[in-house]
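Heads up, the thing below is written out as C-alpha cells.
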Amino acid sequence: MKPEIVRSRADLRAQATAWRKDGLRIGAVPTMGALHEGHLSLVRRAAAECDRVIVTLFVNPKQFNDQNDLQKYPRTEEDDRTLLEEIGPDILYAPDVKEIYPAGFATTISVSGITDSLCGSFRPGHFDGVATVVCKLFLQTGADCAYFGEKDYQQLQVVRRMASDLDIPIDVIGCPTIREADGLAMSSRNRLLSPEGREKAVALPRALVQTAEAISRGANPQDSIEAAIGLLETSGFASVEYLELRGADDLAPITTLDRPARLLAAAKMDDVRLIDNVPVLPGT
Ligand code: PAF
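When the sequence shown is numbered by numbering that gives the first Met the number 0, its final residue is 283 and no position is left out of the sequence of numbers.
Following this line, the structure appears as C-alpha cells:
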C-alpha cells in the first residue's frame, strides 16, 4: 500500500501521539526525496525494527549554500511514494517550507567542532541547516529511532552529536552505504550526471577503496592520499575538494593509523558534487 501523505505537523503529531499511547515503537527515515535503493534500505531496516515507520520528505532550503544547487535538486514526490509502496511505511510526511519554517522562525541549531572541516569548509551553513531541520523532524515525529546512511558520514556524526547534546530521546542508527554494481555510492545527485560523467564517477569509490587498503597494509597515509587525488584528477574530476583520513568517531585528522579511521572525499564531476567514504582499519 502507498503510504498516507501527511502535510501538517498537527496531523503528524496527532498520529504519533496515538501510536505512542498504544506503546508502539516509531522509526523515522529523514530524506529529501528522489528516493533510491539507499533510502529504501533505510526504510526496510526501520520497518523490520519498528512498529510504525514515518518517512519524511522535505527539500530543506536552509542546508543549501548554493541556490542553483537547491533549484536543481530533483523533486519526484509521486515516484517516491510509488517506490515506497512495496515496503509499506505508514506515513510519508511531506510538509511545505512554511510548515517547517513559519513566518518569524528564528532559531538555528549549530554543532561546533566536527562541522568545521570536510564538507563544513566547502558548504558554509550546511550543517546548521541539517542540524536545525533534523532536530525539528525528530521532535515532530516523536520517533524512538531514526535511520541515516553512512554515505553522509559527517552528517551522521553531526546528527548524533546534536541529539545527544540536546537530550532528544532517540536512537540515531547509521546504516551501510548502498552502491551501484560498479561501486558508485547511490545518491539522488547521481541522476544529474551526464552518461560520460556517470562512467567516470566510478573512479571515486575505486580510489577510496584502493587507498584505504594501502593505508591498512601500512602505506604512508599522506603519500597514498596525494596519489589518490592525482588519480581522481586524471580520471576527469574537475576538482577534488578534499580527500582525508579522519578518526572514525570524532572525525579528528589522523596521520598514523593507530585506531579505526574513515577515508572521506568530496569531488566534482560535471559540476555535480559527489561525496563518499570508506572505513580504514589498522592492520587489515
Ligand atoms: O541526508 C539528507 O537527505 C538530508 O540532509 C536530511 C538528513 C534529510 C536533512 O534534510
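Glycine included, each C-beta is placed from N, C-alpha and C at the ideal position.
Within a 10 Å sphere around the beta-carbon of Leu165 sit fewer than 16 other beta-carbons, which makes this residue exposed. Contact between Val132 and Gln62 holds, with the beta-carbon distance rounding to 7 Å and staying under 8 Å.
According to DSSP, Pro29 shares a beta bridge with Thr55. Distances from the CA of Pro281 to each of Lys150, Gly246, Ser111, Gly148 were compared; the closest alpha carbon is that of Gly246. Counting only heavy atoms of the ligand PAF, the residues whose C-beta sits closer than 6 Å to one of them are, along the chain, Pro29, Thr30, Met31, Asn59, Gln62, Val129, Val132, Val133, Asp151, Gln154. DSSP places Ser223 within a helical segment (H, G or I) once states are collapsed to three.
Taking the Cα positions, Ile177 is about 32 Å away from Tyr100. Counting along the chain, the unbroken alpha helix (DSSP H) around Tyr152 starts and ends at 152-164.
Per the coordinates, the alpha-carbon of Ala102 lies some 10 Å from the alpha-carbon of Val96. DSSP places Ala145 in the uninterrupted beta strand (DSSP E) bounded by 144-148. CA-to-CA, the gap between Tyr241 and Glu195 works out to about 23 Å. Cβ atoms of Pro94 and Ile53 stay farther apart than 8 Å, at about 12 Å. Across the structure, Asn189 and Arg197 are spaced so that their CA atoms are roughly 7 Å apart. Taken atom to atom, the span from the alpha-carbon of Glu36 to that of Leu183 is near 12 Å.
Here the stretch 254-268 makes contact with the stretch 109-124; the two share three or more CB pairs at distances below 8 Å. DSSP places Pro252 within a strand segment (E or B) once states are collapsed to three. With respect to Ala202, Leu231 sits close: the two C-beta atoms are nearer than 8 Å. The continuous stretches of beta strand (DSSP E) do not include Ala184, and DSSP gives it neither H nor E.
In the displayed model, Ser40 falls within a helix according to three-state DSSP. Rounded to the nearest angstrom, the gap between the Cα atoms of Leu56 and Leu250 is 28 Å. Three or more beta-carbon pairs separated by less than 8 Å are not found between the stretch 212-226 and the stretch 72-84, which leaves the two stretches without contact. The alpha-carbon separation between Glu179 and Leu155 amounts to approximately 21 Å. Residue environment analysis places Asp275 among the buried positions, since at least 16 neighbouring C-beta atoms fall within 10 angstroms of its C-beta. Counting other Cβ atoms within 10 Å of its Cβ, Gln66 stays below 16 and is therefore classed as exposed. Scanning its chain for C-beta atoms nearer than 7 Å, with the 5 sequence neighbours on each side dropped, one finds around Ser234 the residues Lys199, Ala202, in chain order. Asn64 counts as exposed, since fewer than 16 other C-beta atoms from the protein chains shown sit within 10 angstroms of its C-beta.
In the assembly as shown, Gly148 is a buried residue. Its beta-carbon has 16 or more other beta-carbons within 10 Å. With respect to Cys134, Ile108 sits close: the two C-beta atoms are nearer than 8 Å. Contact check for Arg80 against Pro2 passes: the beta carbons are separated by less than 8 Å. For Leu83, there is no enclosing beta strand (DSSP E); the residue is found in the alpha helix (DSSP H) stretching over 76-84.
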